[in-house]
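The structure under discussion appears below in the form of structure tokens.
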């Protein structure tokens with residue numbers, strides 16, 4: 095049996111669509127009543143360690159979509175509880191959606207690396223999908239204003255962005271053939287690095303890109319109602335892109351998909 099966690103999230107929803115109709119797959123979410131899913135649903139709440147062992151009962155392959163919304167200690171506690179419960183329940187293989195190696199400069203990299211280490215030391219078979227940053231995330235970080243101006247502290251930096259749908263495709267493919275990927279770390283970044291000027295061009299001839307400073311962006315984000323932990327996360331993301339650390343591309347995505355990846359610019363513009 096395959097269990098996909100995070101079924102209510104954006105990535106989990108896409109994975110569920112790709113696995114719909116399979117008789118060996120169930121979905122996990124903290125509140126099954128809140129989603130309409132194409133597969134059976136179980137309650138899987140990483141913040142409820144006592145209930146996880148029952149939720150993982152009978153599972154052979156766990157596709158563990160990271161629960162990254164929170165401070166580092168919160169995320170590590172969630173992931174640690176899930177891995178402990180999976181091992182106790184007899185789960186044989188865990189496929190974990192992590193963060194690209196280029197993301198080590200990002201403020202939220204630590205929980206991912208910590209989880210990778212815990213997984214590799216767990217005694218279960220494992221596969222790590224090191225996901226690049228979503229093109230859709232970049233679209234949100236550098237969204238055009240009403241007058242079609244993109245204002246963001248990206249400088250001349252570029253991001254090897256990847257369409258979320260491609261990451262869902264890979265996660266589904268690996269989950270159903272997990273044994274073939276045991277002990278593997280896949281780098282799932284895009285083949286095209288895009289920046290602020292590229293985004294402006296994708297939004298039309300009248301769109302412009304106007305870089306701002308990190309201080310200006312911090313002030314804007316703080317006034318937006320973002321959670322306190324989100325502001326440094328977003329500023330750190332801008333900074334890493336602007337500094338050129340997120341531009342490295344890879345061919346792993348194409349190799350696993352068996353086709354060309356989707357256009358990150360098209361995904362961002364959509």
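Residue numbers (my numbering): 95 to 364. Glycine residues also receive a C-beta, built at the ideal position from the N, C-alpha and C atoms.
In the three-state DSSP reduction, residue 308 falls in the helix class (H, G or I). In the DSSP secondary-structure assignment, residue 303 is bridged to 244. Secondary structure at residue 192: strand, using DSSP grouped into helix, strand and coil. In this structure, residue 252 sits away from residue 230, with a CB-CB distance that is not shorter than 8 angstroms. One Cα belongs to residue 135, the other to residue 120, and the distance between them is close to 6 angstroms. In the DSSP assignment, residue 234 falls within the unbroken alpha helix (DSSP H) covering 229-235.
Nearest Cα to residue 248 within the set 299, 312, 129: 312. The stretch 265-280 makes contact with the stretch 177-195, as at least three CB pairs between them are under 8 angstroms. With contacts defined by Cβ atoms closer than 8 angstroms, residue 285 and residue 330 do not form a contacting pair. Just measuring C-alpha positions, the residue of 256, 288, 363, 300 sitting nearest residue 348 is 256. By the criterion of a C-beta distance shorter than 7 angstroms, residue 104 is surrounded in its chain by 258, once the five residues flanking it on both sides are discounted.
When C-beta atoms of the stretch 159-173 are compared with those of the stretch 293-308, fewer than three pairs fall below 8 angstroms, so the two segments do not count as touching. Boundaries of the alpha helix (DSSP H) harbouring residue 349: 346-351, taken from the DSSP string. Looking at the DSSP output, residue 162 bridges to nothing.
Under DSSP, the beta-bridge partners assigned to residue 238 are 244. The C-alpha of residue 333 is placed about 30 angstroms away from the C-alpha of residue 214. Between residue 146 and residue 185, the C-beta gap is not smaller than 8 angstroms, which leaves the two residues out of contact. Under the Cβ criterion (8 angstroms, minimum of three pairs), the stretch 301-308 counts as touching the stretch 224-244. When DSSP reads this structure, residue 208 sits in no beta bridge, so it has no partner. Distance check between residue 143 and each of 263, 168, 164, 117 places 168 closest, using alpha-carbon atoms only.
Within the same chain, and ignoring the five residues on either side of residue 164 in sequence, the residues whose Cβ sits closer than 8 angstroms to its Cβ are 172, 323.
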